[in-house]
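Heads up: the structure comes next, in structure tokens.
In this note's numbering, the protein residues as written are 15 to 451.
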């Protein structure tokens, strides 16, 4: 197999007009997962499956993950045994927010100034279109290649990533030697990405009238202590690990603090409980199990200190003094808990791994420039390919990495085409073993 000649033949099959129209079509099929169930990935997944069959994929499967929300898996077989490369691009997009704030309707896929605008134009309908047509170019060019190419198109990447988890459990990632995660990274090569721990902290007290707070216990006060100690913990982790050149600093971020945890609060009602969501982002050098133990210890320590204060400390003394004059409830119970609801470990693929080297060489061939390396600030579906199947992953694709999840989301048409060419060249270099330096 002469990889360079095959690359030229494949590139000749990538047409800008077709790529742009496919991207616009994908954007025009809304795939926001609405809370009321009115929209989700079902329609776009059905379109993708039909399109892959039309593009000549040897095998196209759908697997339902949630009602009418299927993963799509497309396979293109080579003419002889060899390695397997997987490309992954999800079908869901985040909410468009208030449509009136957009320059144009969010799902109109309007073209202006050589850009395609719309929800998903950058994250990641653009890169899904690129992957589809990059793989199709091999068949159209009648290239004799070894191994096989798998296109994984999962649901729910923007949620709990149930799509990629189900895909892995069903065996569709078995035997994969390397994976391209198709996400907006300005065509930079991201061989590492942050991990994510998600947790819910609860603080449980007793509701009471705001004018008689000692008849209950305000759960927000110990929650405040917990959050302050988590901030101190974040500081010690930053000092311990320093600045990662691609991923920056680790973080422990309370994203939602709510009291009462359920129901409606009122100014003159002391809440019985308080809840906080934690978004914990990790970098290489942090062990998630050790982190869980450390964070659980902080919550347990505040719980123990609060109980002691209620019994023997200043809080307890004040209550005893008031009890000598007023009727108070006997004893006040307090509890604090932390529940970890998601664990996405950080990933790091060596830069000399074949999937990185193949993509780097593809960038040189397509752009004539040296590749730029970076890291993914958030988790991707690739997290679980790496963590559960030990598949080397590399994240790259078109789209300004600062644009996702904003209004007036866009992708450059020129970069969209460049990405498709890079994907096609990467596939051929990886499967042929011609990944270069």
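Ideal Cβ placement from N, Cα and C applies to all residues, glycine included.
Quantities reported herein were computed from a predicted structural model and do not represent experimental measurements.
Check: Since residue 311 is in the alpha helix (DSSP H), which residue starts that stretch and which ends it?; Outcome: 302-325
Check: Are the beta-carbon atoms of residue 141 and residue 103 separated by less than 7 Å?; Outcome: yes
Check: What does the Cβ neighbour count give for residue 123, buried or exposed, with the cut at 16 atoms within 10 Å?; Outcome: buried
Check: What residues in its chain sit with their C-beta under 8 Å from that of residue 96, if we drop five residues either side in the sequence?; Outcome: 159, 160, 161, 162 and 445
Check: On the criterion of 16 or more Cβ atoms from any shown chain inside 10 Å, does residue 231 qualify as buried, or is it exposed?; Outcome: buried
Check: On the DSSP bridge assignment, give the partners of residue 222 in chain order.; Outcome: 284
Check: Give me the Cα-Cα distance between residue 245 and residue 144, rounded to the nearest whole angstrom.; Outcome: 42 Å
Check: Buried or exposed for residue 257, going by 16 or more other Cβ atoms inside 10 Å?; Outcome: exposed
Check: Determine the closest residue to residue 430 out of 357, 37 and 43, with distance taken between C-alpha atoms.; Outcome: 37
Check: Which stretch, first to last residue, makes up the beta strand (DSSP E) that contains residue 206?; Outcome: 203-207
Check: Opposite residue 90 in the DSSP bridges: which residues?; Outcome: 163
Check: Is residue 293 near residue 320, with beta carbons less than 7 Å apart?; Outcome: no
Check: Is it buried or exposed for residue 384, if we count other Cβ within 10 angstroms and need 16 for buried?; Outcome: exposed
Check: Just the Cα atoms here: how many angstroms apart are residue 260 and residue 204?; Outcome: 8 Å
Check: Determine the closest residue to residue 353 out of 398, 216, 45 and 157, with distance taken between C-alpha atoms.; Outcome: 216
Check: Where do the ends of the beta strand (DSSP E) carrying residue 357 lie?; Outcome: 349-358
Check: Which value, in whole angstroms, describes the spacing of the CA atoms of residue 379 and residue 243?; Outcome: 51 Å
Check: In angstroms, rounded to a whole number, what distance separates the CA positions of residue 406 and residue 29?; Outcome: 30 Å
Check: Ignore the nearest five residues each way along the sequence and tell me which others in residue 90's own chain have a CB closer than 7 Å to its CB.; Outcome: 71, 72, 149, 152, 153, 162 and 163
Check: I'd like the list of long-range same chain contacts for residue 424, defined as Cβ closer than 6 Å, with 5 residues on each side in sequence excluded.; Outcome: 129, 131 and 135
Check: Among 202, 377 and 222, which one has its Cα closest to the Cα of residue 21?; Outcome: 377
Check: Buried or exposed for residue 117, please, with buried defined as at least 16 other CB atoms from any protein chain shown within 10 angstroms of its CB.; Outcome: exposed
Check: Determine the closest residue to residue 78 out of 19, 115, 168 and 249, with distance taken between C-alpha atoms.; Outcome: 168
Check: How about residue 107 and residue 45: do their beta carbons lie closer than 7 Å?; Outcome: yes
Check: In whole angstroms, what separates the C-alpha of residue 110 from that of residue 62?; Outcome: 22 Å
Check: Using the Cα positions of residue 236 and residue 317, report the straight-line distance between them to the nearest angstrom.; Outcome: 8 Å
Check: Let me know the secondary structure DSSP gives residue 232 once reduced to three states.; Outcome: coil
Check: Could you check the C-alpha separation between residue 213 and residue 75 for me, to the nearest Å?; Outcome: 35 Å
Check: Can the beta-carbon of residue 221 be found less than 7 Å from the beta-carbon of residue 286?; Outcome: yes
Check: Over what stretch of residues does the beta strand (DSSP E) that includes residue 193 continue unbroken?; Outcome: 192-196
Check: Mind checking which residues open and close the alpha helix (DSSP H) that includes residue 146?; Outcome: 139-154
Check: What does DSSP give as the partner residue(s) for residue 295 in the beta ladder?; Outcome: 210 and 265
Check: To which residues does DSSP link residue 445 through a beta bridge?; Outcome: Per DSSP, none; premise fails for residue 445.
Check: Unbroken beta strand (DSSP E) runs of length 3 or more, entirely within the region 67-133: which are they?; Outcome: 73-80, 83-91, 94-102 and 129-131
Check: Give the secondary structure of residue 363 by DSSP, where H, G and I count as helix, E and B as strand, and everything else as coil.; Outcome: coil
Check: Mapping DSSP to helix, strand and coil, what is residue 257?; Outcome: coil
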